[in-house]
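Residue numbers (our numbering): 28 to 352.
No residue lacks a Cβ here, since even glycine has one placed at the ideal position from N, Cα and C.
All values reported here derive from a predicted model rather than from experimental measurement.
This is how it looks when you write it as structure tokens:
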């Protein structure tokens, strides 16, 4: 008997709890019983979309049920994020998103709480940003770039694919930590900025690896540093930015999320599936082709990563006085 509760009421309470637990567990084991929508908050062709299609295929194979990608781009990803927040928390709407999930809300202040309204499921993989410059800029190291920026305040410009984008905030973090003054030039995407960057009209970018690597390898861009804590396998001769600027570390991650209230049994099933398929050789090969390494791990680990990134970007937005467009 529960202290202070009549025996009959305690028995009914325990029985109801047991029935609910059995029901949830059984429901989780049967999931998914119908098509699952996989929201991507960006247009087709980008990193989130490519990753989502690989993830959806693997989920479909493992669960023998369709996982269908639904691209809902716009407002720097906020439209797709809000659709995920408002979706029924039944496991039949999930989202695949990049590290922009922690950056965009720090600038644009959406109607939803990015930390508490969306539940982390699993991190899929991560890749570095690369600090690169046009070869005509007279610098060969990050240290030389910082010295040049200090000597020429307001004269160097950098690519930003939208205010509040991860590329933008990663560069503003660099500016904040070095106490320099560089000017951001906004484009719709990194791809749209590349012609001006490659022609030398724009001097530098802290950009994701995949679109910049071919130009680094061809010599059209000069890589000065990667933003991960360790050197990257595809650029083994390029040092980390933290070698010059201790404490600077930015990783572009991709992961699976779900609306708040999604049953824990479903979150656990999806998480276990991600951790399984990340061990498969074809998935590892696909991620490597995108310049990524697999992550995996628990929902809690992924959630800690999101919260840490969000808190950092909120601080950068405040200290750099960044305003949404």
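Query raised in the report: Out of curiosity, what's the CA-to-CA distance linking residue 78 and residue 203?
Result: On the chain shown, residue 78 is found 51 positions in, with the first residue counted as 1. On the chain shown, residue 203 is found 176 positions in, with the first residue counted as 1. Residue 78 and residue 203: Cα-Cα distance of roughly 31 Å.
Query - residue 152 - DSSP class collapsed to helix/strand/coil - result: For the purposes of this step, residue 152 is identified with residue 125 of the chain shown, where counting begins at 1. Residue 152: strand per DSSP, three-state reduction.
**Report entry** According to DSSP, residues forming a beta bridge with residue 145
**Finding:** What you label residue 145 is simply residue 118 of the chain shown in a count that begins at 1. DSSP output for residue 145 lists 286 as bridge partner(s).
Query - Residue from 331, 236, 309, 297 with nearest C-alpha to residue 90 - result: Stepping through the chain shown from its first residue, residue 90 is reached at position 63. Out of 331, 236, 309, 297, 297 has the C-alpha closest to the C-alpha of residue 90.
Query raised in the report: So what's residue 302 in DSSP terms, helix, strand or just coil?
Result: Here residue 302 is taken as the residue at index 275 of the chain shown, counted from 1. In the structure shown, residue 302 sits in a helix (DSSP, three-state: H, G or I).
**Report entry** Beta-carbon contacts of residue 62 that lie in its chain and below 8 Å, excluding the five residues immediately before and after
**Finding:** Working through the chain shown from its first residue, we reach residue 62 at position 35. Only 92, 93, 94, 95, 119 meet the Cβ criterion.
Query - Classification of residue 328 by the beta-carbon crowding that lies within 10 angstroms, buried from 16 upward - result: In the chain shown, counting from the first residue as 1, residue 328 sits at position 301. Answer is exposed; the Cβ neighbour count stays below 16.
**Report entry** Three-state secondary structure assigned by DSSP to residue 99
**Finding:** Numbered from 1 along the chain shown, position 72 holds the residue referred to as residue 99. Here residue 99 sits in coil by DSSP.
Requested in this report: Could you work out which residue in 196, 351, 210, 325 is closest to residue 336 when comparing CA atoms only?
Outcome: Position 309 of the chain shown, counted from the start, is the residue given in the question as residue 336. Comparing Cα positions, the closest option is 196.
Query raised in the report: If we ignore side chains and look at the alpha-carbon of each, how far apart do residue 163 and residue 175 end up?
Result: The sequence position of residue 163 within the chain shown is 136, counting from 1. The sequence position of residue 175 within the chain shown is 148, counting from 1. In a straight line, the C-alpha of residue 163 is about 13 Å away from that of residue 175.
Query raised in the report: Using DSSP with H/G/I as helix, E/B as strand and the rest coil, what is residue 278?
Result: One-based indexing of the chain shown puts residue 278 at position 251. In this structure, residue 278 counts as strand in the three-state DSSP scheme.
Query raised in the report: Exposed or buried, which one is residue 226 when buried takes at least 16 other CB atoms within 10 Å?
Result: In the chain shown, the residue the question calls residue 226 occupies position 199. Counting Cβ neighbours within 10 Å, residue 226 comes out exposed, since fewer than 16 surround it.
Requested in this report: Please determine if the region 127-139 and the region 297-310 are in contact, where contact requires at least 3 C-beta pairs separated by less than 8 Å.
Outcome: no
Query raised in the report: With distances taken from CA atoms, which of 155, 326, 199, 220 is nearest residue 260?
Result: Taking the first residue of the chain shown as 1, we reach residue 260 at position 233. Ranking the options by Cα distance to residue 260, first place goes to 155.
Query raised in the report: Does DSSP put residue 51 in a helix, a strand or coil?
Result: Against the chain shown, residue 51 aligns to sequence position 24. Low local confidence applies: a pLDDT of 45 at residue 51 is under 50, so the model's placement there is unreliable, with the coordinate-based value given in what follows. In this structure, residue 51 counts as helix in the three-state DSSP scheme.
Report task. Pick out the complete beta strand (DSSP E) segments inside the region 212-248, 3 residues or longer, and give them in chain order. Result -> 231-235
Query raised in the report: The beta strand (DSSP E) spanning residue 66 covers which residue range?
Result: Sequence index remark: in the chain shown, residue 66 carries index 39 (1-based). First-last of the beta strand (DSSP E) with residue 66: 63-67.
**Report entry** Endpoints, the alpha helix (DSSP H) within which residue 106 is located
**Finding:** Numbered from 1 along the chain shown, position 79 holds the residue referred to as residue 106. Its alpha helix (DSSP H) spans residues 105-113.
Query raised in the report: Given residue 247, which residues of its chain have a CB within under 6 Å of its CB, disregarding the five upstream and five downstream residues?
Result: Taking the chain shown and counting its residues from 1, the one referred to as residue 247 is at position 220. 225, listed in sequence order.
Query raised in the report: By how many angstroms is the C-alpha of residue 234 removed from the C-alpha of residue 153?
Result: Position 126 of the chain shown holds residue 153. Position 207 of the chain shown holds residue 234. So the alpha carbons of these two residues sit roughly 14 Å apart.
Query - Touching by the beta-carbon criterion (3+ pairs, under 8 Å), the region 202-221 and the region 137-144 - result: no
Report task. Tell me whether residue 121 sits in a helix, a strand or coil according to DSSP, three-state version. Result -> Here residue 121 refers to the residue found at position 94 when the chain shown is read from its first residue. In this structure, residue 121 counts as strand in the three-state DSSP scheme.
**Report entry** Inter-residue spacing [alpha-carbon to alpha-carbon] between residue 97 and residue 166
**Finding:** On the chain shown, position 70 is the one that residue 97 refers to. On the chain shown, position 139 is the one that residue 166 refers to. If I take the Cα positions, the gap works out to 43 Å.
Query raised in the report: Does the Cβ-Cβ distance between residue 189 and residue 103 come in under 9 Å?
Result: Counted from its first residue, the chain shown places residue 189 at position 162. Counted from its first residue, the chain shown places residue 103 at position 76. Going by C-beta atoms, residue 189 is nearer than 9 Å to residue 103.
Requested in this report: Mind checking which residues open and close the alpha helix (DSSP H) that includes residue 337?
Outcome: Position 310 of the chain shown, counted from the start, is the residue given in the question as residue 337. Residue 337 -> alpha helix (DSSP H) spans 326-346.
Report task. Could you tell me the boundaries of the alpha helix (DSSP H) in which residue 166 lies? Result -> The residue you call residue 166 lines up with position 139 of the chain shown. No alpha helix (DSSP H) contains residue 166, which DSSP labels as neither H nor E.
Report task. Please report how far the alpha carbon of residue 348 lies from the alpha carbon of residue 191, in whole angstroms. Result -> To locate residue 348, count along the chain shown from 1; it is residue 321. To locate residue 191, count along the chain shown from 1; it is residue 164. If you take the alpha carbons of residue 348 and residue 191, they lie about 11 Å apart.
Query raised in the report: Could you give the residue range of the beta strand (DSSP E) that holds residue 184?
Result: For the purposes of this step, residue 184 is taken as residue 157 along the chain shown, with counting starting at 1. Start and end: 184-187.
Query raised in the report: So which of 59, 252, 70, 238 has the shortest CA-CA distance to residue 265?
Result: Within the chain shown, numbered from 1, the residue matching residue 265 stands at position 238. Residue 252 is the option with its Cα nearest to residue 265.
Query raised in the report: Pick from 305, 106, 314, 158: whose alpha carbon is nearest that of residue 230?
Result: Looking up residue 230 in the chain shown gives position 203. Out of 305, 106, 314, 158, 158 has the C-alpha closest to the C-alpha of residue 230.
Report task. Give the DSSP bridge partners of residue 267, in chain order. Result -> Residue 267 sits at position 240 when you count from the first residue of the chain shown. Paired residues: 253.
Query raised in the report: Is it buried or exposed for residue 316, if we count other Cβ within 10 angstroms and need 16 for buried?
Result: As a first step, residue 316 must be located in the chain shown, where it is residue number 289. It counts as exposed.
Requested in this report: Ignore the nearest five residues each way along the sequence and tell me which others in residue 217's own chain have a CB closer than 6 Å to its CB.
Outcome: For the purposes of this step, residue 217 is taken as the residue at position 190 of the chain shown. These residues qualify, in order along the chain: 188, 234, 238.
Query raised in the report: Can you round the beta-carbon distance between residue 177 and residue 198 to whole angstroms, since I take them to be within the 8 Å contact cut?
Result: Residue mapping note: residue 177 aligns to position 150 of the chain shown, counting from 1. Residue mapping note: residue 198 aligns to position 171 of the chain shown, counting from 1. Actually they do not touch by this definition, with Cβ atoms about 16 Å apart.
Query raised in the report: Which partner residues does residue 158 have in the DSSP bridge list?
Result: Here residue 158 refers to the residue found at position 131 of the chain shown. Note: residue 158 sits in a beta bridge opposite 233, 252.
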